[in-house]
Amino acid sequence: MLDNLIFLSAPIAGSILLAGILGYFGNHILSRGIIFIDIAVAQIAALGTMIGLLLGFAEDSVSVEISSYVFTLIVISFFALTKFQKQKISQEAIIGIIYCLGLGLALLLVEKIPGGSNYITKTITGNILWVTWKQVIYCALLFALIGIIHIYFRKQFKGISDSNRNGSLPFSIQKTRMFELVFYITFGIVIVKAVPIAGIFLVFILLVAPTAAITLFTSNWKKRFIGSWVIGVVGSVLGIYISYVFNISNGPAIVCLLGISVFILAFVKLFRKQTLKS
Amino acid sequence: MEILEFMFIPFIACILLISINVYFGIHVLKREIIFIDIALAQIAALGGVIAEVIHQSNENSLAGHGHEGQPWFTFTFSFIFCALAALVFSLLKNKKIKIPLEALIGIAYAVATTAAVIILDKSAGGDVHIHDMLTGAILWVGWHEVTILAIVISLVGAFHFIFRKKFFKLTDNYHKADTGVKNKGLWDFLFYFSFGLVIVQAVSVGGILTVFAFLIIPASISSLYANHWSSRIFIGLGVGAVVTILGLYFSWQLDVPSSPVIILFLGVVLMLSLIFKKIFRKQISDN
Numbered sequence: 006m007l008d009n010l011i012f013l014s015a016p017i018a019g020s021i022l023l024a025g026i027l028g029y030f031g032n033h034i035l036s037r038g039i040i041f042i043d044i045a046v047a048q049i050a051a052l053g054t055m056i057g058l059l060l061g062f063a064e065d066s067v068s069v070e071i072s073s074y075v076f077t078l079i080v081i082s083f084f085a086l087t088k089f090q091k092q093k094i095s096q097e098a099i100i101g102i103i104y105c106l107g108l109g110l111a112l113l114l115v116e117k118i119p120g121g122s123n124y125i126t127k128t129i130t131g132n133i134l135w136v137t138w139k140q141v142i143y144c145a146l147l148f149a150l151i152g153i154i155h156i157y158f159r160k161q162f163k164g165i166s167d168s169n170r171n172g173s174l175p176f177s178i179q180k181t182r183m184f185e186l187v188f189y190i191t192f193g194i195v196i197v198k199a200v201p202i203a204g205i206f207l208v209f210i211l212l213v214a215p216t217a218a219i220t221l222f223t224s225n226w227k228k229r230f231i232g233s234w235v236i237g238v239v240g241s242v243l244g245i246y247i248s249y250v251f252n253i254s255n256g257p258a259i260v261c262l263l264g265i266s267v268f269i270l271a272f273v274k275l276f277r278k279q280t281l282k283s
Numbered sequence: 004m005e006i007l008e009f010m011f012i013p014f015i016a017c018i019l020l021i022s023i024n025v026y027f028g029i030h031v032l033k034r035e036i037i038f039i040d041i042a043l044a045q046i047a048a049l050g051g052v053i054a055e056v057i058h059q060s061n062e063n064s065l066a067g068h069g070h071e072g073q074p075w076f077t078f079t080f081s082f083i084f085c086a087l088a089a090l091v092f093s094l095l096k097n098k099k100i101k102i103p104l105e106a107l108i109g110i111a112y113a114v115a116t117t118a119a120v121i122i123l124d125k126s127a128g129g130d131v132h133i134h135d136m137l138t139g140a141i142l143w144v145g146w147h148e149v150t151i152l153a154i155v156i157s158l159v160g161a162f163h164f165i166f167r168k169k170f171f172k173l174t175d176n177y178h179k180a181d182t183g184v185k186n187k188g189l190w191d192f193l194f195y196f197s198f199g200l201v202i203v204q205a206v207s208v209g210g211i212l213t214v215f216a217f218l219i220i221p222a223s224i225s226s227l228y229a230n231h232w233s234s235r236i237f238i239g240l241g242v243g244a245v246v247t248i249l250g251l252y253f254s255w256q257l258d259v260p261s262s263p264v265i266i267l268f269l270g271v272v273l274m275l276s277l278i279f280k281k282i283f284r285k286q287i288s289d290n
């Protein structure tokens, strides 16, 4: 058992770390109604990696990583800056279109790279079991830095996320755009870092499920942050334990556990209120 | 004229897919549940995977039984899963649930995909399955699939045409408390269920990505130029048809996979129409 604990310690630390930062971002994402942003960002990052490989950089080299970041930051800045124009196409639709075009281009390029189809499946699955302590510590430092930026701008970010619901912007357009740029760039960096470690689906579920579960019951920001952290961490640790006991992969186990819990909670909420009324 | 022979079936398949997807795409954009088709496709696929596993384990217990496929068994499971998903989504669109339906759709998508991965892990060849579902191969589609697709689309299309007023009203007032439609839950269920039937057939012909692109890009382009349902459908259909012809032609000439080319062309048309719209509007305001 002790051996297993040592073996599992890095994945557990990694998933707690991810649950922390993604639980925070998730509340903003849900309030803004741009649920699939991370899948689109991850796809663009993968496209950037593939283009880096096509340009002849070595696999896992710094240049490839830079190429991946450059692509992501260009697309996400474009997304942040076009947000406040009067537009008939909703943001979520733009996200869908970005995802579609990113994946379409990736599929065209795949044939030019030896073993390219690997990159498409790799982004989908990921494997948190093989995360190393070095990666965990590097991520912890990076996420702490991003956390500090977000604590500093917390009121501005909250105001903009809330404005999605009540419609009035809290700042002038120029200021809002600047804050949006900071918000989306930090978010993009987190996603680019998190997806290769955990895979698209685990990142997606840690982003959306804990905050969806807590938002069913409260709309207070502070309660939502704390609630989603608790749910995310408990879900990840429990998921890793279940995957160990039943010998299934960890990522999928956590995803199913957290995802199904949200649906159960939603139905509890739906029927509990109804019985109270009657 | 080799190209005509080779491209005729894919062309018909694309036109069929576009015609129904433009219509549903407008619904989906108005309701802001963009990723519903990916979720429904994945849930139906999970049903298929479970059916296959049950079938395999039955076959093992009845050793020596012939290795014939069981398409109807698989189909029934996909069908049931699709109906269940439709039921859940129509129930959860409720004032008491204060989170956007898109979030629940996303979670359902993630759970369905990873559950399929867990199940396929226990059997074999999981990776290939996921990749195939994503891309599809519209060039290799045969008359058989196209005929089934045409039948499903015309049945669902006729159903939506007969009750079009109800469906339009439901979607136009989707974010309001009162939709003005009686038995809202039932019609919502019928909407998701019929949509799911089309998506399952469409994905098996065109792959998830192509269907997704056909669903949202033509409908987005049409939203730039028109507000009425019928004119939006015609604009989307026209753009889609032209782009499909161009896309199939270029993929033939350059010898590259056809669906990515069609998707990228659709993206280019969207960009051009956005720019065009901007310049055009400026000219009007200048005058």
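Chains A and B are the protein sequences, given in the same order. The opening residue of the first sequence carries number 6 in my numbering; numbering runs sequentially from there. The opening residue of the second sequence carries number 4 in my numbering; numbering runs sequentially from there. Backbone N, C-alpha and C fix where the C-beta goes; we use that ideal spot for every residue, glycine too. Keep in mind the model is a prediction, meaning the values are calculated, not measured.
- Under the Cβ criterion of 7 angstroms, A:L212 is not counted among the residues facing chain B.
- Distance from the Cα of B:I83 is smallest, within the candidate group B:L20, B:M274, B:Y195, for B:Y195.
- Inclusion of A:T54 and A:G193 in the CB contact set at 7 angstroms is not warranted, their separation being larger than that value.
- At a cut-off of 7 angstroms, the C-beta of B:T117 has a neighbouring C-beta in chain A.
- Along the stretch 157–191 of chain A, the alpha helix (DSSP H) occurs as fully enclosed runs of 4 or more residues at 159–171, listed in sequence order.
- Across the structure, A:G152 and A:I210 are spaced so that their CA atoms are roughly 20 angstroms apart.
- Of the residues A:I56, A:A85, A:I26, A:A45, the one whose Cα lies closest to the Cα of A:F184 is A:A85.
- The residue from B:A113, B:L90, B:F11 with its alpha-carbon nearest to that of A:A258 is B:A113.
- Apart from the 5 residues on each side of it in sequence, B:F268 sits with its Cβ closer than 7 angstroms to the Cβ of V246, L249, G250 in its chain, given in chain order.
- The alpha helix (DSSP H) runs of length 4 or more contained entirely in the stretch 21–59 of chain A are, from start to end of the chain, 42–59.
- Beta-carbon to beta-carbon, B:S262 and B:T213 are separated by about 4 angstroms, close enough to satisfy the 8 angstroms threshold.
- Shortest Cα-Cα distance from B:N24 to any of B:I211, B:A47, B:G50 involves B:I211.
- Close to chain A, meaning a Cβ-Cβ distance shorter than 9 angstroms, are the following residues of the stretch 81–107 of chain B: V91, L94, L95, N97, K99, I100, K101, I102, P103, E105, A106, L107.
- Contact between the stretch 34–54 of chain B and the stretch 223–243 of chain B is absent: fewer than 3 CB-CB pairs across the two stretches fall below 8 angstroms.
- DSSP, reduced to helix, strand and coil, places B:N176 outside both helices and strands of the structure shown, so it counts as coil.
- For the options A:T181, A:F158, A:I202, A:S168, the alpha carbon positioned closest to that of A:T137 is the one of A:I202.
- For A:A85, the enclosing alpha helix (DSSP H) begins and ends at 67–87.
- By the rule that beta-carbons nearer than 7 angstroms mark a contact, B:P221 does not touch chain A.
- Contact annotation for B:L273 against chain A: I102 [CB-CB distance below 8 angstroms, chain order].
- Only residues of its own chain outside the window of five on either side were considered, and among them D40, I41 have a CB closer than 7 angstroms to the CB of B:F215, listed in chain order.
- Annotated as proximal: B:S223 and A:A98, with beta-carbon spacing under 7 angstroms.
- According to the DSSP assignment, B:G243 belongs to the alpha helix (DSSP H) that extends over 232–257.
- Take the alpha-carbon of B:P103 and the one of A:F272: they are about 15 angstroms apart.
- A Cβ-Cβ distance of about 10 angstroms is found for the pair A:L52 and A:L113, leaving them out of contact under the 8 angstroms criterion.
- Taking the beta carbon of A:G264 as reference, the chain B residues within 7 angstroms of it are I110, A113, V114, listed in sequence order.
- The DSSP-derived three-state label of B:E8 is helix.
- Taking the beta carbon of A:G38 as reference, the chain B residues within 9 angstroms of it are E35, P103, E105, A106, listed in sequence order.
- When the beta-carbon positions are compared, A:A15 and A:V141 come within less than 7 angstroms of each other.
- Inter-residue distance for A:S266 and B:I282 is about 49 angstroms (C-alpha atoms, whole angstroms).
- The beta carbon of A:G57 sits closer than 7 angstroms to those of S68, V69, S72, S73, all from its chain and outside the five residues before and after it, given in chain order.
- Across the set B:E55, B:K187, B:V259, B:V264, the C-alpha of B:K187 shows the shortest separation from the C-alpha of B:L95.
- What B:V206 touches in chain A, judged by beta-carbon distance under 7 angstroms, is nothing: the nearest beta carbon there is about 14 angstroms away.
- Any Cβ of chain B closer than 7 angstroms to the Cβ of A:I253 would place that residue at the interface, and such an atom is present.
- Taking a Cβ-Cβ threshold of 8 angstroms, the residues of chain A close to B:P260 are L112, L113, E116, in chain order.
- Closest by C-alpha distance to A:H155, out of A:S177, A:L186, A:Q179, is A:L186.
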